[in-house]
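Okay, structure first, notes after.
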Amino acid sequence: MKEITYSPSYTIVITYECFNYCTYCNFRVNSKLDSRSRIRKINFLLEKIQNKSISEILILSGEIHPQSPVRKIWLQDIYHLCRLALSMNFLPHINVGLLTYTEMKILKTVSISMGLMVEQLTPILLNTVHYSAPSKIPYLRLQHLSWAGKLQVPFTTGVLLYIGEKEENSWDTLKEIALIHQKWNHIQEIILQPYSSNIKQKSNISISNQYQLVKLISKARNILPVSIKLQLPPNLIQDSNYLLRCLKAGIQDFGGISPKDEINPSYFHLSKEKLSKILKYGKWKLRVRLPIYPNYDKYLSQSLQTVVNFWQRNKRID
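In structure tokens:
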């Protein structure tokens, strides 16, 4: 049977606060950074999920303004939570928005991999959904991607679909990502993420958009090097037959599957058993992976490689 990979994960949110106001966002909340109480709770949560075959800890956050007085505390929290996760033999994957080169260099020492959605590079969106989102300027997203490459950070990025872009805009975005990867060879996977509203519907993607997504998957497979895996969040595809069509078109990975999708909280992941049953109809089977692919282990320090080796050796996970 053909294999589709996924990473058993648990998501920790540093803060829902964000200085961007993207009109489509299901994540952002007006809240304040409450470091001490949150970290105590997180310590308790990590202890609870130890020995439950969860390897990846996704550290997620809204974007804190670069000049914010709490930016330094925010960065320290991320650093300490990564260290805490590593001390329990978890593998931290960081996705906290734009970082400076120095910040990324610091966090590389305590994380296995990082991520940032490029979303879309067309400047048209700066006048619409990203009108009040300063960090969504295309140049800044690409700069972040390039810095990650220069620092040899195993990286996940992606495009966000159906937010007002044209079909060819997604192709152009993928081509730019491919060029950066060609220079630095650090991008592990690209997420093709359909925008989904916060109200769950029977079919969350229109028929025309379903056709467009399958077409984009095939196109992406031709644009991108074979070393980059194509990822699709399975909880955002409500129709099981459509999900199988996406796999047939070129999707290779489901990403991190966590008890709660913090970005799309209305869309719950199916259990492993239910998802496996759907996949079986298309002669697919699930295979567990780590948040870093084996060919990128060399990008990690020796101490980080030791934690990865623990999972590869004791849990028999790639």
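Under the working numbering, read the sequence shown as residues 570 to 887, first letter to last. Note that the Cβ used here is the ideal one computed from N, Cα and C, for glycine as well. Computed from a prediction, not measured in an experiment: that's the story for all the values here.
Exercise for the section: Give me the Cα-Cα distance between ARG710 and THR742, rounded to the nearest whole angstrom. Expected result: Translated into positions along the sequence shown, residue 710 becomes position 141. Translated into positions along the sequence shown, residue 742 becomes position 173. Rounded to whole angstroms, ARG710 to THR742 spans 11 Å at the Cα level.
Problem - Helix, strand or coil at VAL728 [DSSP, three-state] - result: Residue 728 sits at position 159 when you count from the first residue of the sequence shown. Strand.
Problem - Own chain partners of ILE647 with C-beta closer than 8 Å, once the 5 adjacent residues on each side are dropped - result: Counting from one through the sequence shown, the residue named residue 647 turns up at place 78. Contacts found: ILE583, ILE628, SER630, ILE663, VAL665 and LEU676.
Handout entry: Residues sharing a beta bridge with VAL857, DSSP
Key = Residue mapping note: residue 857 aligns to position 288 of the sequence shown, counting from 1. Per DSSP, TYR575.
Handout entry: Contact set for LYS769: own chain, Cβ-Cβ below 7 Å, skip 5 residues either direction
Key = Along the sequence shown, read from residue 1 onward, the residue named residue 769 stands at position 200. Since pLDDT at LYS769 reaches only 44, below the 50 mark, its modelled position is unreliable, and no value is offered.
Exercise for the section: Take VAL876 and list the residues in its own chain whose beta-carbon comes closer than 7 Å to its own, dropping the five residues that flank it on each side. Expected result: Residue mapping note: residue 876 aligns to position 307 of the sequence shown, counting from 1. Here the set comprises LEU655, ASN658 and LEU660.
Practice task
Could you give the DSSP three-state label for ILE786: helix, strand or coil?
Solution key: The sequence position of residue 786 within the sequence shown is 217, counting from 1. Helix, per DSSP.
Practice task
Report the rounded CA-to-CA distance for ASN754 versus LEU859, giving the unit in angstroms.
Solution key: Numbered from its first residue, the sequence shown carries residue 754 at position 185. Numbered from its first residue, the sequence shown carries residue 859 at position 290. Computed Cα separation, rounded: 19 Å.
Exercise for the section: Drop a sphere of 10 angstroms on the beta-carbon of ASN773, count the other beta-carbons inside from all chains shown, and report buried for 16 or more, exposed for fewer. Expected result: Taking the sequence shown and counting its residues from 1, one reaches residue 773 at position 204. The predicted model places ASN773 with a pLDDT of 45, which falls under 50 and marks its position as unreliable, so this point remains unresolved.
Practice task
Measure the CB-CB distance between TYR780 and LEU729 and report whether it falls below 7 Å.
Solution key: Translated into positions along the sequence shown, residue 780 becomes position 211. Translated into positions along the sequence shown, residue 729 becomes position 160. Taking 7 Å as the Cβ cut-off, TYR780 and LEU729 do not qualify as a contacting pair.
Practice task
Kindly provide the ranges of any alpha helix (DSSP H) runs that are 4 or more residues long and lie completely inside the region 656 to 736, ordered along the chain.
Solution key: 670 to 677 and 707 to 719
Practice task
Name the residue from PRO863, TYR731 and SER809 whose alpha carbon lies nearest to the alpha carbon of SER796.
Solution key: The count along the sequence shown starts at 1 and reaches residue 796 at position 227. Ranking PRO863, TYR731 and SER809 by Cα distance to SER796 puts PRO863 first.
Handout entry: C-alpha gap between ARG882 and VAL857, whole angstroms
Key = Against the sequence shown, residue 882 aligns to sequence position 313. Against the sequence shown, residue 857 aligns to sequence position 288. So the two alpha carbons sit approximately 14 Å from each other.
Handout entry: TYR648, DSSP secondary structure in three states
Key = Walking along the sequence shown from the start, residue 648 turns up at place 79. Here TYR648 sits in helix by DSSP.
Exercise for the section: For the alpha helix (DSSP H) containing GLU632, list its first residue and its last residue. Expected result: For this step, residue 632 is matched to residue 63 along the sequence shown. Careful: GLU632 lies outside any alpha helix (DSSP H) and carries neither H nor E.
Exercise for the section: Measure the CB-CB distance between LEU785 and SER840 and report whether it falls below 7 Å. Expected result: Numbered from its first residue, the sequence shown carries residue 785 at position 216. Numbered from its first residue, the sequence shown carries residue 840 at position 271. Going by C-beta atoms, LEU785 is not nearer than 7 Å to SER840.
Practice task
Pick helix, strand or coil for PHE823, following the three-state DSSP scheme.
Solution key: Locating residue 823 in the sequence shown gives position 254, counting from the first residue. Of the three classes helix, strand and coil, the one that applies to PHE823 here is strand, per DSSP.
Exercise for the section: For PRO723, count neighbouring C-beta atoms within 10 Å of its own C-beta (all shown protein chains included) and say buried if the count is 16 or more, exposed if not. Expected result: Reading the sequence shown from its first residue, position 154 is the one you call residue 723. Per the 10 Å Cβ criterion, buried.
Exercise for the section: Go ahead and label SER701 buried or exposed: buried means 16 or more other beta carbons lie within 10 angstroms of its beta carbon, across all protein chains shown. Expected result: Counted from its first residue, the sequence shown places residue 701 at position 132. Result: exposed.
Exercise for the section: Compute the beta-carbon to beta-carbon distance between GLY727 and LYS752, rounded to the nearest angstrom, for a pair I have assumed lies under 8 Å. Expected result: If you number the sequence shown from 1, residue 727 lands on position 158. If you number the sequence shown from 1, residue 752 lands on position 183. For a cut-off of 8 Å, the C-beta gap from GLY727 to LYS752 is around 19 Å, too long to register as a contact.
Problem - Length of the line joining the Cα atoms of GLY798 and ASN620 - result: For the purposes of this step, residue 798 is taken as residue 229 along the sequence shown, with counting starting at 1. For the purposes of this step, residue 620 is taken as residue 51 along the sequence shown, with counting starting at 1. Here residue 798 turns out to be Lys, not Gly, going by the sequence shown. If I take the Cα positions, the gap works out to 28 Å.
Exercise for the section: Please name the residue in SER680, ILE633, PRO638 and ASN595 whose C-alpha comes closest to that of SER624. Expected result: Taking the sequence shown and counting its residues from 1, one reaches residue 624 at position 55. Nearest C-alpha to SER624: SER680.
Handout entry: Distance CB(LEU761)-CB(LEU801) smaller than 7 Å
Key = Here residue 761 corresponds to residue number 192 of the sequence shown, with the count starting at 1. Here residue 801 corresponds to residue number 232 of the sequence shown, with the count starting at 1. Cβ distance < 7 Å, so LEU761 and LEU801 count as in contact.
Practice task
Indicate whether SER622 and GLY825 have their beta-carbon atoms separated by less than 7 Å.
Solution key: As a working note, residue 622 is residue 53 in the sequence shown. As a working note, residue 825 is residue 256 in the sequence shown. In this structure, SER622 keeps its C-beta atom at 7 Å or more from the C-beta atom of GLY825.
Exercise for the section: Quick one: grab the DSSP three-state call for VAL639. Expected result: By 1-based counting over the sequence shown, the position of residue 639 is 70. Three-state DSSP puts VAL639 in coil, outside helix and strand.
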